[in-house]
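Every number in this note's numbering is 46 more than the matching position in the sequence shown, counting from 1.
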Amino acid sequence: SIDTTNQPIIFHTYQCYLRDTKRRLQLDVERSERFGYHFGAKLVRGAYMESEKALAAERNYPSPIHDTIEDTHKCYDECVDLLLRRSREKKTATTVEVVCATHNQESIQNAIQRMAQLGISREDSTVRFAQLLGMSDNLTFPLGANGYRAYKYVPYGPVREAMPYLIRRAAENSAIAGSASRELALLRNEIWRRLLSLVKRRSIRNSH
Numbered sequence: 047s048i049d050t051t052n053q054p055i056i057f058h059t060y061q062c063y064l065r066d067t068k069r070r071l072q073l074d075v076e077r078s079e080r081f082g083y084h085f086g087a088k089l090v091r092g093a094y095m096e097s098e099k100a101l102a103a104e105r106n107y108p109s110p111i112h113d114t115i116e117d118t119h120k121c122y123d124e125c126v127d128l129l130l131r132r133s134r135e136k137k138t139a140t141t142v143e144v145v146c147a148t149h150n151q152e153s154i155q156n157a158i159q160r161m162a163q164l165g166i167s168r169e170d171s172t173v174r175f176a177q178l179l180g181m182s183d184n185l186t187f188p189l190g191a192n193g194y195r196a197y198k199y200v201p202y203g204p205v206r207e208a209m210p211y212l213i214r215r216a217a218e219n220s221a222i223a224g225s226a227s228r229e230l231a232l233l234r235n236e237i238w239r240r241l242l243s244l245v246k247r248r249s250i251r252n253s254h
């Protein structure tokens with residue numbers, strides 16, 4: 047049957063630390079065009095690097111993940127570019143939408159730059175940005191304040207299931223770790239700025 051909605055209902059998650067992600071993404075987009083349904087993708091880097099490596103070694107097959115974090119970054123940005131270009135080509139009446147679920151500032155900047163080059167409005171539902179609740183507010187808030195579709199996503203469920211996920215995200219995604227360090231530095235600078243401003247105001251008040 048033909049999709050009669052005007053937007054994707056289900057967004058499939060693609061983990062860009064896997065070597066075959068871009069190829070699978072390309073095939074899935076083409077399939078959506080052939081069968082006439084809207085396509086939604088959530089792009090992440092991935093949260094199972096160490097376990098994937100260990101499983102490949104244990105079962106004696108080639109590791110399915112990229113050799114370096116730089117290769118993963120490259121794959122992520124190329125997947126974003128692929129989806130943005132397909133959203134503009136309009137080969138069929140179906141739409142292509144993407145959630146850039148990332149804490150990597152450079153990838154966000156690349157996506158914004160590509161949106162501008164392709165004429166994609168920041169209010170357009172084609173692109174959304176998302177970060178974990180409690181992480182990278184220094185990215186989410188400016189995106190929202192400047193009119194981009196910015197979201198916080200919240201893992202939920204039993205603690206025994208949610209906590210390992212969050213620990214993997216923090217331990218295995220160096221982009222998150224880097225963002226967290228930058229965010230802490232920004233917070234320290236803001237606290238220091240406010241303290242200096244308070245001292246200055248009190249000094250002026252006392253001089254009068």
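Even glycine gets a Cβ: it sits at the ideal position worked out from N, Cα and C.
Fair warning: this is a prediction, and the values are worked out from it, not measured in the lab.
Asked	Found
Runs of beta strand (DSSP E) wholly within the segment 53-102 (minimum 3 residues, chain order)	57-61, 85-90
At least three beta-carbon pairs within less than 8 Å, the segment 80-89 to the segment 48-62	yes
C-alpha distance - Asn-106 paired with Arg-168, whole-angstrom precision	46 Å
Length-filtered (3 minimum) beta strand (DSSP E) runs lying within the segment 139-196	142-147, 173-178
Nearest-angstrom Cβ-Cβ length linking Leu-71 and Tyr-60, presumed shorter than 8 Å	6 Å
Residues that DSSP places opposite Lys-198 in a beta bridge	Gln-177
Backbone CA spacing between Leu-179 and Val-200 [nearest angstrom]	6 Å
Under 7 Å between C-beta atoms of Tyr-122 and Ser-97	no
Unbroken alpha helix (DSSP H) run spanning His-119, endpoints	115-135
Sufficient close CB pairs (3 or more, under 8 Å) joining the segment 106-118 to the segment 132-147	no
Residue nearest to Gln-177 in terms of C-alpha spacing, selected from Asn-184, Lys-198, Phe-187	Lys-198
Pick from Ala-191, Asp-66, Leu-89 that is closest to Cys-146, judged by C-alpha positions	Leu-89
Option nearest Leu-130 by Cα separation, candidates Asn-192, Ser-171, Leu-212	Ser-171
Cβ neighbour criterion (16 or more within 10 Å) applied to Asn-192	exposed
Option in Arg-134, Gly-203, Arg-91, His-58 with minimal Cα separation from Gln-163	Arg-134
Whole-Å CB distance - Arg-174 paired with Arg-195, under 8 Å assumed	4 Å
Residues near Gly-165 by beta carbon distance below 8 Å, same chain, minus five either side	Arg-134
Span separating the alpha-carbon of Ile-115 from that of Gln-151	15 Å
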